[in-house]
Structures are given as structure tokens and as C-alpha cells.
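Taking full-length UniProt numbering, the leading residue of the sequence shown gets 1, the next gets one more, and so forth.
Even glycine gets a Cβ: it sits at the ideal position worked out from N, Cα and C.
Remember, predicted model here, so these are calculated numbers, not experimental data.
Quick notes on the structure that follows.
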Amino acid sequence: MIELVLIGLLVLTAATLYIASQIKSVLLFDRICNAFLVFASLQALFALVSIYAGGNYTFMAIPFFLAYGPFKYYAVNSRINNQFSRKSVYVHFIPSFIFCFAYLIVNEFSFLNAYLPVYNNIMFLSVFVSMTSYSVWALLYGKAKNERDNDPLARKLLSFSSALVILVSIVSSVYLIKEFLNTGKVNPVIFSSIFYTLALFLVAVAFRYKVYSFIAFMRSVNEEFDQEEIKEEDKLSENLSLQTENMPANAMDVNNENDDLHNNEDVISLKTSPQKYAKSALNENMFEVYEEKLQHFFKDEKVFLDNDMSLEVLAEKMKLSKHHLTQLFNVYIGENFNQYINKYRISYSCELLQGNEGEMTMEEVAFESGFNSKVSFNRHFKNIMGCTPSDYTKKEGVA
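So this is what it looks like as C-alpha cells:
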């Protein structure tokens, strides 16, 4: 029975970690979740080896359940404070290794073997108390801080897993104490089965979380594909604009009206696109951190002046995944990458035009502002400012 549960645990953790590898999330919560999955898989593998080793070493992997509570502790903190304290790791995780070492000592020395049943009782009860304590803390502390978090997937993962652990721990603790009082001993096989079955359910909850995160990831990939299509349409529009420069004035007016209509359609689609990210794996705190980092690169380092700047290059500079950067633009800011960077470029070009005094040509202003062509500069300038660069200089009284 235990062997089947452990094999199922190994298979499920492997599948969950594979899905996680496809998402490549940089969120601290996701990394802690992945660390827990790796830990659970190693524990299951160690348990299988212990069982096949036989003898008194059958339950040697049980003490590592004392580490389940600390994983939940750090997961909750990562959602609220986005922090991981390395100094406190030893305090939270050392008990599991102490119990494991003590188990080894009791088994190695024959004169201590008689105390093994007592040790098992203490160990099982300690695991239940530890898991229950951390789970109660996670529910109470998480509930108190929920107003700072808008990630429903992670919240459901922690809330459901905590409630499940509390229920199983309380029922099992009562049963353990009753058995010990009635018979003076407990059956370690029963409680080992309970622990590993509980671990299987916890990994199943994590699997569900990763599946939903993967769905959100695929939605963002589709959104990025749509943006690539928009970029291709922009290039086509530039080519068409080159052909229309020598057209009669009335024909140019018709084309400009069509361009305005096309741009309005783009704005409408951007306002509705955040609905596709309703189940984003990012929370509001992370969006704020990423936006602050984004503003640093645009306002301080002026990356928008780079003619070759793209979503991929910016993501690499910010040390973010392209997926999360796309979510930042579309979900939190409400604009796509092209709209966002063009606003900065046009604002910079206005500063150049105001202090130009005929020293730079319009083509030079376009390239200095980060545009690759004068046609693209003129089109985006009119879309944002409502007039051409030439009209703007006349309005501002620049020679």
C-alpha cells in the first residue's frame, strides 16, 4: 500500500515539475513551490529505499514531514512580503534533521532499540503538531494580509492545503493518543500511510495550481503572438505610407482617416485584452515592483532611445521572463510594449524639437528618439500628439 502511494507521489511530482519548467516563473512563491516538490520527490524516493532496506529503517523518512510546515511558512511570506530570510532557515528546518538523526541513533545501538516504539509515538505526534501549527498560522496570517494580495490561485492553494492538513492532523492525533492510551503502542504503518497519502494530496493541489498557471502562461503566449502580428501590420503600414507620400492631398486625407480608425481599434482591443489575464500568476505587489523597475530603465537609463529595443531585449535587461513582462504591460499598465515605448520616444522627440532651432532634420530627430524611420516617427507622432512634427514645431514657434 505505502509503496503504491510513494510511486504515485514520485510520478505526480515529476509531472508537476515538468509543467513548472515550461512556465519558467521567476516569482519567489513559485520557486518555493518548486523547491517543495523537489523535496517531496526526494523524500518519497528515500522512503522507498528505506522500505526496501527493511528492518527498523522502514520509517526513517517520516521525520522529514517536519519540513512541510516551514515550506508553507516561506510560501505565505513570499506572497505578502516577497522576502526569503536565509538566517531563519536553520531554525525552521533543523528539527526534521534532528529527528532523522535521532531515529538513526536509536536503530544503530541495540540497547536503545527498546525505546523505538516510544520514539515513534513522539515523532508522529510532533509531525502532527508541527503541520497543524504552521497551517493554522498560514490561515490566520494570510487572512489578515489578504488585502495586499490579489493572486487567487496561490491563495486557494495555501488555504485548501492548510485546511486539509489541519483536518487530517487533528483526526490522526486523536486516533494516535486513543490507541496509545488503550494499548500502550501505535501501529507505525497506519500513520506512515496517512502521512504519505497526505503528501500525495498536497502535491495534487500543487499540480492543479501549476496547471492553471500554465493555462495563464499559454494565454500570454497567444497574446504575444497577436502583438507580433500587430508589429507586422505596422511594418506594412509604413511601406504603404511611403507609397502615399506623393499622392494627391485628398487621397492622403482619406488614408489618414483610415489610419485613425485602425488605431482606435487597437486601443479598444487593448482595453479588453487584460480580461485574458484574469488568472494571472502575478499579484499586485509583484506588478508594483516590476513597474518600478521598468520606470528605472525608461526614465533613468532611457532604453527607449535604442532603435533595436524589443520586448525580448527589455525582458533580458530587467531579468524577467518575456511572459511576465507582457503581463506587466497588458494587465497592470493597460498598454502593449509598442504603445508604451512610443510614448516615451515621442515625448523625447518633442524635447528635441523644442530646442532644435533648425539644427537637426526631422529624420535625425526620428533616429535620435529611437525610431527606425521617418515614416514611423511621423505616424506615431500624429497618433499621440494629434499633429505632424512639422505642425508641432510651427505651433511651438520653433524655427
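Pairing S133 with L66 gives a Cβ-Cβ distance that is not under 8 angstroms. Straight through space, the alpha carbons of K317 and I122 are spaced by roughly 52 angstroms. By the Cβ neighbour-count rule, P63 is buried, with 16 or more other Cβ atoms within 10 Å of its own. If only complete runs of 4 or more residues are kept, the stretch 26-88 shows the alpha helix (DSSP H) at 28-53 and 68-80, in order along the chain.
A straight line joining the alpha-carbon of N330 with that of Y209 spans about 22 angstroms. Per DSSP, the continuous alpha helix (DSSP H) segment holding F337 begins and ends at F337 to Q354.
Look at S373 here: in three-state DSSP terms it is coil, with no helix or strand label. For I333, there is no enclosing alpha helix (DSSP H), as DSSP marks it with neither H nor E.
Look at C387 here: in three-state DSSP terms it is coil, with no helix or strand label. F297 and S193 have their C-alpha atoms some 53 angstroms from each other.
In summary, S21 is exposed, with fewer than 16 beta-carbon neighbours lying within 10 Å of its beta-carbon over all protein chains present.
Taking a cut-off of 8 angstroms for Cβ pairs, the stretch 199-214 and the stretch 28-41 touch, as three or more such pairs fall below it. In this chain, A114 is not harboured by any alpha helix (DSSP H), its DSSP state being neither H nor E.
Between K72 and A163, the C-beta gap is not smaller than 8 angstroms, which leaves the two residues out of contact. Look at T13 here: in three-state DSSP terms it is helix. Residue N120 holds the alpha-carbon nearest to the alpha-carbon of L104 among I215, N120 and S172. For L325, the enclosing alpha helix (DSSP H) begins and ends at K322 to Q327.
Taking a C-beta distance under 8 angstroms as the contact criterion, I23 and S213 qualify as a contact pair. In this structure, P188 places its C-beta atom within 8 angstroms of the C-beta atom of F59.
Taking F304 as reference, the option from V289, S369, C350 and P95 with the minimal CA-CA separation is S369.
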